[in-house]
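Chain order of the listed sequences is H and B.
Residue numbers for the first sequence follow this note's numbering, beginning at 1352 and rising by one.
Residue numbers for the second sequence follow this note's numbering, beginning at 285 and rising by one.
Even glycine gets a Cβ: it sits at the ideal position worked out from N, Cα and C.
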Amino acid sequence: LAKTTQPISMDSYEGQEVNITCSHNNIATNDYITWYQQFPSQGPRFIIQGYKTKVTNEVASLFIPADRKSSTLSLPRVSLSDTAVYYCLVGSGGSSNTGKLIFGQGTTLQVKP
Amino acid sequence: KAGVTQTPRYLIKTRGQQVTLSCSPISGHRSVSWYQQTPGQGLQFLFEYFSETQRNKGNFPGRFSGRQFSNSRSEMNVSTLELGDSALYLCASSFEGLSYNEQFFGPGTRLTVL
C-alpha cells in the first residue's frame, strides 16, 4: 500500500473553505484514494473516494491531478462541527490487499468561531 | 440499516487478565477488521476476518487473537494484558472487505489496563 503524507494540523474559521492536500508519490495504477474523518472517541467515518480527476458529494470534493501523486480534500464552508482528524488513504483491490487500511497520522483540523 | 455495534463500550482490567471484545457488523457484511488506536501509535490494523477465516493480519503479538462466527459477528481476545494494551479498539465492516471499499466503523471499545 502506498504511503501518504499530509499536514499534521490546520486551522480555519467558520464559513471558510478548507483544502487538505495529501501526497502519495508511490501510488499504484489500481489504487483508489479515500478520505476518512474521525471525531474524538469515535470510529473513522468515510467521507469521499476517487480514482482520478474530481469527485464531489454532499459534504466534500476530492481533486486528483493527472499524475495522481497527490490529492486535495476540499471542505466548503466549514463549521465548528467539522473540527476532527482527517485521514488520507490509498488502497487497491490487489489479491493481497484485503480489509487492511493503513492510516497515517492524519490532519487535525481545528475550526474556530 | 443498523450500524456496526461494539460491546462493551468501556472496560477496565488489570495486568495479566484477559479480555474479549465483540463486534456486530452491518447486516450482509462479510468482512470484519479490527484496529487498535493509541495516542502514540495512531490507528493500527490488527486483523481481518472474512467468511469466518482470518484473511489478513497486522504486526501484533500472538496475545491478540480473534474469530468470526457464521453470522459474521466477530470477537477479539487479548490475553495476559499489559499496560500498553490500553487503547480504543475499533472494528470495521464491509461487504467484500477490500481496502478501497467503504469501511464502516463502530464506536469502539475503550480498554483501560491498570
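Let me know if residue i comes out buried or exposed under the rule of 16 or more other beta-carbons within 10 Å of its beta-carbon.
i, result
"Thr1407/H", "exposed"
"Ser354/B", "exposed"
"Leu382/B", "buried"
"Pro1464/H", "exposed"
"Phe389/B", "buried"
"Tyr1438/H", "buried"
"Phe1390/H", "exposed"
"Ser315/B", "buried"
"Asn385/B", "buried"
"Gly346/B", "exposed"
"Thr1355/H", "buried"
"Leu1431/H", "exposed"
"Asn1381/H", "exposed"
"Ser317/B", "buried"
"Gln290/B", "buried"
"Gln1461/H", "exposed"
Using the Cα positions of residue i and residue j, report the straight-line distance between them to the nearest angstrom.
i, j, result
"Gly312/B", "Ala376/B", "13 Å"
"Ala286/B", "Ile310/B", "6 Å"
"Val397/B", "Val1436/H", "26 Å"
"Ser306/B", "Ser1412/H", "35 Å"
"Ala1379/H", "Gln301/B", "43 Å"
"Arg293/B", "Ser378/B", "21 Å"
"Thr322/B", "Trp1386/H", "20 Å"
"Ser358/B", "Cys1373/H", "33 Å"
"Gln387/B", "Phe1397/H", "7 Å"
"Gly342/B", "Lys1451/H", "8 Å"
"Tyr319/B", "Gln1388/H", "16 Å"
"Val288/B", "Glu332/B", "15 Å"
"Ile296/B", "Glu366/B", "12 Å"
"Lys1420/H", "Phe1454/H", "17 Å"
"Asp1362/H", "Ser308/B", "36 Å"
"Asn340/B", "Val1429/H", "37 Å"
"Gly1394/H", "Ala1417/H", "32 Å"
"Arg351/B", "Gly392/B", "17 Å"
"Tyr1383/H", "Asp1433/H", "24 Å"
"Leu327/B", "Gly1366/H", "30 Å"
Considering only heavy atoms of the ligand SAM, does any lie closer than 7 Å to the CB of residue i?
i, result
"Ser370/B", "Absence of the ligand SAM is noted for the structure shown, with no ligands found whatsoever."
Look up residue i in the DSSP assignment and give the residues it is bridged to.
i, result
"Glu1365/H", "Glu1365/H is not bridged to any residue."
"Lys341/B", "Phe331/B"
"Phe388/B", "Ser377/B"
"Arg1396/H", "Gln1388/H"
"Asn1370/H", "Ser1425/H"
"Leu372/B", "Gln321/B, Arg394/B"
"Gly300/B", "DSSP lists no partner for Gly300/B."
"Thr1355/H", "BP columns for Thr1355/H are empty, so no partner."
"Ser1360/H", "Thr1459/H"
"Gly326/B", "Thr322/B"
"Gly1401/H", "Ile1384/H"
Need the endpoints of the beta strand (DSSP E) that residue i sits in, please.
i, result
"Asn361/B", "358-362"
"Arg394/B", "393-397"
"Gly350/B", "348-352"
"Lys1463/H", "1458-1463"
"Phe1477/H", "Because residue 1477/H is not part of the residues shown, which for chain H are 1352 to 1464, the question remains open."
"Ala1435/H", "1435-1442"
"Tyr294/B", "294-297"
"Leu305/B", "303-308"
"Ile1415/H", "1412-1415"
"Gln321/B", "315-322"
"Val1406/H", "1404-1407"
"Thr289/B", "289-291"
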